[in-house]
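Notes for the one structure printed next.
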Amino acid sequence: MRDIDLAKLLAGLVLRFKREKKSPSAPVFLTIPQNLPVISWSDNPLEMLIFALLENAISASSPESPVRLGITQTMAKSDLEELLEIHPSYWIQMRIDMQCQSGIGADIQEEIRFLGFRHADEWSTENSSRRLISYGYTDQPAPQILLWMQDSKASHKYTLLIPINQTAD
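Residues in the sequence shown are numbered from -6 upward in steps of one, following my numbering.
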């Protein structure tokens, strides 16, 4: 286990993308609460996943349309916890809102699998415009991340949900 400061990680990634852009790209608006906790995380590639999500969103978005990235801590998601049969101490929720023609849902899912997460379960609406996918890592029975995708013609919203189990030291 190691500590990850998501606020510093996201701010650093946005700054890096701004410095390294080679062609016109979408502006990025980042919202981070001041009290976002540092999380303890196993050695799976959460940081690489966040980098890939942001990189895909920026490269796929129209240069005229902003990418909005927000991260929050949520104490309970009772319906979701009941569905998944898990009860974390709290949730970290990272949301990306963007506008582009085709979305990046398939790219995100491919990146998640490439980084070693395994597809655990999936739920979708009748027309599949909204999907919730749970992923685990290695042999752990509980999902480690969830991906909520909402796609319409030009507006796309992707939310990475991370259940955090806080243990007493």
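Glycine residues also receive a C-beta, built at the ideal position from the N, C-alpha and C atoms.
Bear in mind that the values here come from a model prediction, so they are computed numbers and not experimental data.
CA-to-CA distance, residue j to residue i, given in whole angstroms
i: D(-2); j: L39; result: 12 Å
i: M142; j: I51; result: 17 Å
i: I32; j: E103; result: 25 Å
i: P20; j: L8; result: 11 Å
i: I155; j: N49; result: 19 Å
i: I126; j: E119; result: 15 Å
i: Y83; j: P30; result: 10 Å
i: A147; j: G96; result: 8 Å
i: L76; j: E13; result: 42 Å
i: P136; j: R(-5); result: 19 Å
i: T24; j: S117; result: 28 Å
i: A0; j: L153; result: 15 Å
i: P220; j: W34; result: Since the first and last residues shown for the chain are -6 and 162, residue 220 lies out of range.
i: P81; j: S145; result: 31 Å
i: L140; j: N28; result: 23 Å
Residue i: first and last residue of the uninterrupted beta strand (DSSP E) it sits in
i: Q143; result: I138 to D144
i: S121; result: S121 -> no beta strand (DSSP E), and no H or E assigned at all.
Opening and closing residue of the alpha helix (DSSP H) in which residue i lies
i: M41; result: L39 to A53
i: D100; result: G98 to F107
i: V7; result: L(-1) to E13
i: S71; result: S71 to L77
Burial state of residue i, where buried means 16 or more other Cβ atoms lie within 10 Å
i: D72; result: exposed
i: F107; result: exposed
i: L6; result: buried
i: L46; result: buried
i: H149; result: buried
i: L3; result: buried
i: M68; result: exposed
i: S121; result: exposed
i: S54; result: buried
i: F10; result: buried
i: M41; result: exposed
One or two residues paired with residue i in a DSSP bridge
i: M87; result: I64 and L153
i: I32; result: I(-3)
i: E115; result: I126
i: S148; result: Q92
Worksheet item: Can you find at least 3 beta carbon pairs, one from the region 57 to 70 and one from the region 83 to 103, that sit closer than 8 Å?
Response: yes
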